[in-house]
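Participant: Below is a structure I'd like to ask you about.
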């Protein structure tokens with residue numbers, strides 16, 4: 003059986019909103035009572051973080067005539083990420099630290115080493131090294147980001163300050179959709195800012211593209227890298243090999259006396275993934291007083307000793323996947339005079355992914371009539387573990403799966419700023435973001451004719467690793483294997499066609515003016531966004547030609563040889579002991595040897611929906627600029643008022659039967675105050691404090707109105723004889739997650755790229771979302787599809803996501819960097835960076851009390867996250883080796899039979915390395931070569947499952963063990 007896992011995290015919550023507003027007011031009164039007003043004539047207007055184009059560092063590198071552009075200094079110091087003027091590892095660190103030091107908020111920053119050259123192979127890989135951030139690996143690559151222990155759904159992501167549509171079913175952004183070669187830098191806001199739109203509950207990631215007028219002259223860069231993976235070619239004949247490439251071209255120029263700037267970048271990724279997968283389905287005691295035989299009435303398992311722990315099924319699969327991404331970015335910047343500045347950003351990408359996932363699986367539980375011999379045991383606790391032996395009676399299932407996915411992203415933003423010259427400045431920004439996904443997935447079953455059984459010798463590991471199976475059947479022989487239903491699944495295959503479109507239209511208008519007193523200026527603004535996400539899913543079952551498609555005509559043992567013209571070599575499973583299995587073209591076989599019937603079930607109908615969110619936001623922000631006891635004070639104080647009008651249209655079903663359409667929604671308003679205070683308590687030494695209320699709307703699949711509901715007559719109990727409604731589904735009336743957070747950070751900077759910092763934070767979650775059964779749910783909008791039964795009442799029981807309260811998350815972050823030359827002259831060129839995060843959370847019992855294996859901490863939270871990087875850069879040479887560590891965390895998963903449960907994702911440690919050389923003079927000046935190795939130690943992805951044995955004793959045993967191999971890239975960079 004194909005077991006798919008979708009991991010998600012829950013937030014959870016306490017505290018009231020009123021203390022936050024009180025604290026902000028007290029802080030303001032304290033500051034005003036002991037500070038002196040700043041001279042208004044000396045005050046320069048500060049700009050909100052979403053539209054900040056450049057800071058003083060960038061200006062100094064520009065042509066003097068470029069100073070005509072009305073580009074005020076950013077209040078957050080983040081904008082220097084856009085100006086790639088100085089290059090190299092240490093310069094990248096220096097730019098990032100300047101942004102961190104100059105910000106009025108608590109942020110982290112990443113800057114490109116050069117045009118088209120982030121320090122890692124992807125944006126997510128770079129973000130994973132930021133303190134307090136952790137990444138979730140997908141196919142061995144960093145793809146989604148968690149901030150401070152909260153899942154990716156709670157992270158806000160913007161491109162040049164604008165909220166982005168997503169290709170996933172929820173809000174979390176897949177960062178591999180954005181070519182790192184086209185991103186000049188990233189800012190991670192850990193504290194809210196009143197002028198930041200689209201911010202998340204845990205933090206906000208703002209991706210920056212380059213600004214052409216920030217550069218002093220024309221720049222051209224070409225990057226080309228070849229790549230290979232050392233896992234080899236696992237699915238021969240699939241068209242996916244073990245080599246690929248990355249290429250990019252960037253052109254940046256200025257015209258008309260440095261008043262018009264143009265930047266164009268194109269990037270292509272053609273990357274293979276070869277993944278070895280193993281999964282132990284579940285573990286149990288079969289025979290004896292403690293086993294399933296005695297406690298569940300299961301059949302006796304011949305040859306298996308009493309009260310020993312055995313593996314009850316397995317899945318060994320090989321994935322070969324090709325990712326082809328093409329991206330183009332264009333920036334047009336115009337600053338004709340001292341007053342007007344306009345920027346047009348365009349980004350478009352296509353992402354084509356083809357996946358072949360083939361393997362063998364079988365169930366070996368007592369109910370499968372298997373038998374053991376030559377059993378070998380390991381003395382483990384609480385029961386001996388079966389590790390070696392022979393099994394007979396296996397009904398091996400060969401499942402070959404093909405998936406084709408095509409994604410399109412488009413983002414456009416037009417920003418216009420006008421400085422009236424009298425202190426007033428107006429800014430207007432219009433944007434559009436669109437993400438489309440089309441997915442076709444199909445798999446077919448094969449096995450031995452007539453549901454014959456087979457046997458295998460086995461040696462399974464005590465801990466997480468690959469097994470060693472030696473079957474007595476050659477599953478790579480097409481004369482032995484044929485299309486059939488080996489284990490009575492009730493169909494011969496499955497095909498699915500999904501479509502999804504997500505759009506965000508937004509317009510923003512704000513004015514800025516100097517204030518005086520303890521403030522430098524204020525910003526008053528409004529933003530309106532309209533988001534619509536629509537998804538459709540159609541599922542078909544595949545039936546062999548000549549076989550029936552209903553219970554009266556379907557024959558599970560019916561078989562058909564695989565057409566030789568569709569065969570394409572073997573799938574290599576030798577890493578699990580099995581030399582290989584048959585490999586064939588799934589799409590060709592599906593179109594020739596099978597026919598389809600539509601079979602949408604309840605879970606499939608529920609993925610046909612539309613969710614719409616219309617969100618007007620009003621905000622005001624005052625930028626602080628004063629002193630307290632001789633200590634310079636900066637920062638900001640502001641508030642957002644967020645009005646949300648959310649609605650959903652979806653399908654109502656009764657079980658698997660489609661009943662009709664249903665619509666519903668809600669409106670609510672949240673007021674979100676925020677305070678950020680920065681004190682320069684010593685030379686290059688800063689103390690920062692943040693206090694804010696933040697929110698993020700629930701998962702989109704929780705907000706959808708898709709439901710399954712119907713009426714039935716109660717046959718026993720107090721309500722016997724009544725006809726009552728019952729059902730389950732989403733909740734379009736959900737209120738958002740809401741939290742109050744406090745942050746305190748100390749930072750000390752020295753040298754050019756050296757610093758130490760420590761931070762503590764606490765986040766009380768006032769409102770969170772969890773599943774609950776509501777006993778008095780209103781079914782008045784639902785259709786009764788059973789005319790023979792008249793409901794006694796329009797009220798009934800309904801299981802749906804609900805809002806709750808309670809819980810908190812708190813933590814400590816330590817970070818630092820040192821240049822070797824500050825220690826000793828002979829260490830000049832060397833350097834190191836490191837960080838460590840320790841995070842704890844508590845979860846209210848009501849959130850998970852009905853879920854098996856419920857965790858006591860927030861799902862998705864790694865308690866410890868650490869990063870260490872060592873580098874050398876001198877005489878044109880550069881070297882960098884970096885390791886990141888993430889401790890184990892609890893992942894929510896939809897496992898077998900669509901039951902919600904929790905798995906533990908075990909600790910993960912990954913090491914990456916790069917070495918390069920740049921020709922700094924002579925004929926080859928501007929040329930550099932680079933060698934990168936990702937996942938240097940071939941770190942595996944490991945999970946464990948917690949479950950109860952037949953005697954109710956809980957154990958934790960291995961679930962998944964996957965390896966992706968090392969990815970080796972070698973290439974050249976050339977710039978003019």
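Numbering (the working numbering), first residue to last: 3 to 978. Backbone N, C-alpha and C define an ideal beta-carbon position, used for all residues, glycine too. These numbers were taken from a predicted model, which means no experiment stands behind them.
1) Which word fits residue 104, buried or exposed, when buried means at least 16 other C-beta atoms lie within 10 angstroms of its C-beta?
2) I need the straight-line Cα distance from residue 1063 to residue 453, nearest angstrom please.
3) If you follow the beta strand (DSSP E) that residue 609 is in, where does it begin and where does it stop?
4) Inspect the beta-carbon positions of residue 741 and residue 777 and report whether they are closer than 8 Å.
5) According to DSSP, is residue 809 helix, strand or coil?
6) Please check the pair residue 317 and residue 361, which I expect to be a contact at CB under 8 Å, by giving their CB distance rounded to whole angstroms.
7) Quick one: what does DSSP say residue 966 is sitting in, helix, strand or coil?
8) Among the candidates 739, 737 and 811, whose CA atom is the shortest distance from the CA of residue 762?
9) In terms of residue numbering, what span does the beta strand (DSSP E) encompassing residue 540 cover?
10) Starting from residue 241, follow the beta strand (DSSP E) in both directions and report where the run begins and ends.
11) Would you kindly report the start and end of the unbroken alpha helix (DSSP H) that includes residue 103?
12) What three-state label does DSSP hand residue 770 in the structure shown?
13) For a minimum of 3 consecutive residues, which ranges assigned as the beta strand (DSSP E) are wholly contained in the segment 609-696?
14) Taking C-beta to C-beta, are residue 150 and residue 205 nearer than 8 Å?
15) Could you give the DSSP three-state label for residue 353: helix, strand or coil?
16) Rounded to a whole number of angstroms, what is the C-alpha to C-alpha distance between residue 321 and residue 358?
17) Quick one: using the 10 Å Cβ neighbour count with 16 as the cut-off for buried, is residue 734 buried or exposed?
18) Go ahead and pull the three-state DSSP assignment for residue 176.
19) Inspect the CB distances between the segment 424-440 and the segment 514-523 and report whether three or more fall short of 8 Å.
20) For the alpha helix (DSSP H) containing residue 703, list its first residue and its last residue.
21) Threshold first: 3 residues or longer. Then list the beta strand (DSSP E) segments lying entirely within the segment 332-408, N to C.
22) Mapping DSSP to helix, strand and coil, what is residue 213?
23) Could you pull out every unbroken beta strand (DSSP E) segment of at least 3 residues lying fully inside the segment 434-515, listed in chain order?
24) Distance, Cα to Cα, residue 413 vs residue 294?
25) Which partner residues does residue 159 have in the DSSP bridge list?
26) Only counting the same chain, and skipping five residues up and downstream in sequence, which positions put a Cβ closer than 6 Å to that of residue 821?
27) Would you say the segment 464-477 touches the segment 612-628, given that touching needs at least three Cβ pairs under 8 Å?
28) Return yes when the Cβ of residue 671 is within less than 8 Å of the Cβ of residue 607, no when it is not.
29) Taking buried to mean at least 16 other C-beta atoms within 10 Å of its own C-beta, is residue 490 buried or exposed?
30) Excluding sequence positions up to five away, which residues of its chain have a Cβ less than 6 Å from the Cβ of residue 110?
31) Within 10 Å of its beta-carbon, does residue 260 have 16 or more other beta-carbons around it, so buried, or fewer, so exposed?
32) Excluding the five sequence neighbours on either side, which residues of its own chain have a C-beta within less than 8 Å of the C-beta of residue 771, listed in chain order?
33) Residue 959: buried (16+ other C-beta within 10 angstroms of its C-beta) or exposed?
34) Please classify residue 909: does DSSP put it in a helix, a strand, or coil?
35) Does DSSP put residue 129 in a helix, a strand or coil?
36) Less than 8 Å between the CB atoms is what I'm expecting for residue 395 and residue 458, so what's the real figure, rounded?
Facilitator: The structure says:
1) buried
2) Since the displayed the chain opens at 3 and closes at 978, residue 1063 lies outside it and no answer follows.
3) Careful: residue 609 lies outside any beta strand (DSSP E) and carries neither H nor E.
4) no
5) coil
6) 6 Å
7) coil
8) 811
9) 521-546
10) No beta strand (DSSP E) contains residue 241, which DSSP labels as neither H nor E.
11) 91-104
12) strand
13) 611-630, 633-656 and 659-684
14) yes
15) strand
16) 6 Å
17) buried
18) coil
19) yes
20) 702-705
21) 342-365, 373-380 and 387-396
22) coil
23) 456-461 and 470-473
24) 57 Å
25) 207
26) 753, 755, 756 and 833
27) no
28) no
29) exposed
30) 132 and 190
31) buried
32) 12, 13, 700, 701, 704, 736, 739, 803, 804, 805 and 806
33) buried
34) coil
35) helix
36) The pair is not a contact, with the Cβ atoms about 11 Å apart (cut-off 8 Å).
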